[in-house]
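The structure appears below as structure tokens.
Number of protein chains: 2
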Amino acid sequence: MKIERKKVSMQVMDHLKTMIKEKKLQPGDKMPSESQLTEMFGVSRTPVREALSVLEASGLIASKQGGGSVIQAASLSNVMEEIQFDFVDPHDILTLLETRLIIETGAAQLAAERRTSGDLAIMRKTFEKVQESYIANEIGHQEDIAFHKAIATAAHNPLLLKTMENMSDLYAKSVKFSLVKNIGQLGKREQVLDEHERIFMAIEQGDAKQAQQLMHLHLTNAKQKFETELKKISS
Amino acid sequence: MKIERKKVSMQVMDHLKTMIKEKKLQPGDKMPSESQLTEMFGVSRTPVREALSVLEASGLIASKQGGGSVIQAASLSNVMEEIQFDFVDPHDILTLLETRLIIETGAAQLAAERRTSGDLAIMRKTFEKVQESYIANEIGHQEDIAFHKAIATAAHNPLLLKTMENMSDLYAKSVKFSLVKNIGQLGKREQVLDEHERIFMAIEQGDAKQAQQLMHLHLTNAKQKFETELKKISS
DNA sequence: TATTGTATACTTGTCATACAAGTTAAAAAT
DNA sequence: ATTTTTAACTTGTATGACAAGTATACAATA
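Below you can see the structure in the form of structure tokens.
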């Protein structure tokens, strides 16, 4: 067992975190100035600044030059940071698709129950974009994601939306870097288009159960397409 | 429209991020030393260190005093950063529970299909802990979460597990700081215990559909309990 | 009086230097 | 060949200085 000295900057960070947690510092309040912090912790300005940098990058405080630092209200969808990178081996993509399946199936269900007319308008628009990219014979990855995102938005659950965005974002990047670059063009694209349309209609009609089933089918198909393609390569 | 100068430290951070993304720096490699970075970016050491601090806090690099900084392998379940805080107003807890419901129903389904004998052993152990805390008339929040986590583990989908951990962790913290502190003791606790047992049995028998339904019921009940409690308070 | 400049103190952002603490690797001693 | 020592390097912290931006009280003006 090796004991390693904790960095002072990290200790300061922990202190500040707990101070915020214990509501000694509330959202909207101004943080003590850096010089005040150096005095109250008895450390130099360097680790204090590094601690503040991390807190700022986490979105917990906002520092303005000359102004000071203020505690930010951390909304639920705000505390989930974005997934940042894309080292993914092809095998992990299956895991990703599986997770997307679960999340988006739930999202479709909620969307059918809660969609507003505005939601439907956006969904319709994104769906048409997918159609256009199909006609133009383009890959249309971006458009596809936009459609799925519109559905998640219509679910009116910010946490779910954020999670879904992380997943599909990571998925898009993974596919881009993966061996299976042409997955977007696999299978009959008319079928994909048809699946989209039926999902849209189910949500429009408020049929939660069917929306859920159709989304499930849609992503199951995508997953299977990817699996067969993966086998081809590895053989 | 307000134009604001970008901090040098942030620019450095972006550069380093893209360098890693473009695979110029791969996991396991050593980062350039701080003095090298100051030279190559033409800035002082202060912003360089602040950028590195953020990257380290994000888990992307690990710095050891005297040793240097190495790029960390970002595994799929690792790129999802932990949710760090718990300023959540009671209303958001419903959102949280809803998201948990979606994710954990999926997890229960997969767990029924994939659980190993080892998974079952752990699940049984955590279930017994919940029982014990019930007998001892304790709240048993931690035990409850451990049981749910065991299920998510049995799903053998690291990404889903990580997401679920984030959610239930945030949930536990939220409840702790919320107005509704006694939610753990709401309703008939025998019922909760019974639900747990039935979920466990379904997974043990490999009945995916039933496991899914039971988990759905279980979390729906939890959500409803919370909703009624919320009404009591606000009235 | 109300508004506009202005001076001033304060705060964050960056730079430079110095040293302590820890690691690494080559050189030296055994 | 193995161990010890030394030297060079790297990160962590301290200190002082200045630039850049902000906030506020105060004076000048309409």
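Residue numbers (our numbering), protein chains in the order written: chain A, 4 to 238; chain B, 4 to 238.
Virtual Cβ for every residue (Gly too), placed ideally from N, Cα, C.
Here the structure is a predicted model, which is why all the values come from computation and not from measurement.
Practice item. Measure the beta-carbon distance from LYS162 (chain B) to LEU99 (chain A) and round it to whole angstroms, keeping in mind my assumption that it falls under 8 Å. Key: According to the sequence shown, residue 162 (chain B) is Leu rather than Lys. Right, the Cβ-Cβ distance comes to about 6 Å (below 8 Å), so this counts as a contact.
Check your understanding: Would PRO35 (chain B) count as contacting chain A if we go by Cβ distances under 8 Å?
Key -> no
Exercise for review: Along the beta strand (DSSP E) that carries VAL51 (chain A), what are the first and last residues, could you check?
Suggested key: Per DSSP, VAL51 (chain A) belongs to no beta strand (DSSP E); it is in the alpha helix (DSSP H), 48–60.
Practice item. Kindly indicate if chain A contains any beta-carbon less than 8 Å away from that of LEU100 (chain B). Key: no
Review point. How do the region 123–140 of chain A and the region 162–171 of chain A stand: do at least 3 beta-carbon pairs fall below 8 Å, yes or no?
Key: no
Review point. Expressed to the nearest angstrom, what Euclidean distance is found between the alpha-carbon atoms of HIS159 (chain A) and ALA149 (chain B)?
Key: 29 Å
Practice item. Go ahead and pull the three-state DSSP assignment for GLY143 (chain A). Key: coil
Check your understanding: Quick one: any contact between the region 60–79 of chain A and the region 63–73 of chain B, if contact means 3 or more CB pairs under 8 Å?
Key -> no
Exercise for review: Using beta-carbon positions only, say whether VAL51 (chain B) and LEU40 (chain B) come within less than 8 Å of one another.
Suggested key: yes
Check your understanding: From the beta carbon of LEU163 (chain B), is the nearest beta carbon of chain A less than 8 Å away?
Key -> yes
Point to revise | Below-8 Å beta-carbon distance, GLY70 (chain A) vs any chain B residue | key: no
Review point. Apart from the five residues just before and just after TYR174 (chain B), which ones in its own chain have a Cβ nearer than 6 Å to its Cβ?
Key: LEU99
Point to revise | Cβ contact (3+ pairs, closer than 8 Å) linking the region 23–37 of chain B and the region 222–233 of chain A | key: no
Review point. Are the beta-carbon atoms belonging to HIS151 (chain B) and GLU107 (chain B) less than 8 Å from one another?
Key: yes
Practice item. For ARG117 (chain B), return the contacting residues in chain A, with the cut-off set at a CB-CB distance below 8 Å. Key: None at all; the shortest Cβ gap to chain A is about 11 Å.
Exercise for review: List the endpoints of the continuous alpha helix (DSSP H) containing SER38 (chain B).
Suggested key: 37–44
Point to revise | Partners in chain A for GLU53 (chain B), counting only beta-carbon separations shorter than 7 Å | key: ARG52, GLU53, SER56
Exercise for review: Could you give the DSSP three-state label for ALA115 (chain B): helix, strand or coil?
Suggested key: helix
Point to revise | Backbone secondary structure at GLY71 (chain A) - three-state DSSP | key: strand
Practice item. Just tell me which of A:LEU97, A:GLY45, A:SER56 has its CA closest to the CA of GLN227 (chain A). Key: A:LEU97
**Study point:** Residue environment, ALA139 (chain A), which counts as buried when at least 16 other CB atoms sit within 10 Å
**Key:** exposed
Point to revise | Against chain B: residues of the region 112–140 of chain A by CB proximity under 9 Å | key: GLN112, LEU113
Practice item. Could you tell me whether any Cβ in chain A is nearer than 8 Å to the Cβ of SER12 (chain B)? Key: yes
Check your understanding: Around the Cβ of SER61 (chain A), are there at least 16 other Cβ atoms within 10 angstroms (buried) or fewer (exposed)?
Key -> buried
Check your understanding: So what's LYS27 (chain A) in DSSP terms, helix, strand or just coil?
Key -> coil
Review point. Which two residues bound the contiguous alpha helix (DSSP H) that contains ASP122 (chain A)?
Key: 120–138
Point to revise | Within-8 Å CB hit, ALA211 (chain A) to chain B | key: no
Check your understanding: What is the rounded straight-line gap between the Cα of THR119 (chain B) and the Cα of ALA211 (chain A)?
Key -> 33 Å
Check your understanding: Which first and last residues belong to the alpha helix (DSSP H) in which MET194 (chain A) is found?
Key -> According to the sequence shown, residue 194 (chain A) is Gln rather than Met. 192–208 is the extent of the alpha helix (DSSP H) around GLN194 (chain A).
Point to revise | Beta-carbon neighbours of ILE148 (chain B), restricted to chain A and to distances below 8 Å | key: Here the premise fails: no neighbours, minimum Cβ distance about 18 Å.
Point to revise | Cross-strand partners of ALA65 (chain A) (DSSP beta bridge) | key: A:VAL73
Check your understanding: Can you name the residues of chain A whose CB is closer than 8 Å to the CB of ASN160 (chain B)?
Key -> THR98, GLU101, THR102
Point to revise | Assumed close pair SER56 (chain B), SER136 (chain A) - CB separation to whole angstroms, cut-off 8 Å | key: With a Cβ gap of about 42 Å, SER56 (chain B) and SER136 (chain A) do not count as contacting.
Practice item. Could you tell me which chain A residues have their CB closer than 9 Å to the CB of THR1 (chain B), listed as they occur along the chain? Key: This structure cannot settle anything about residue 1 (chain B), because the visible part of chain B is limited to 4 through 238.
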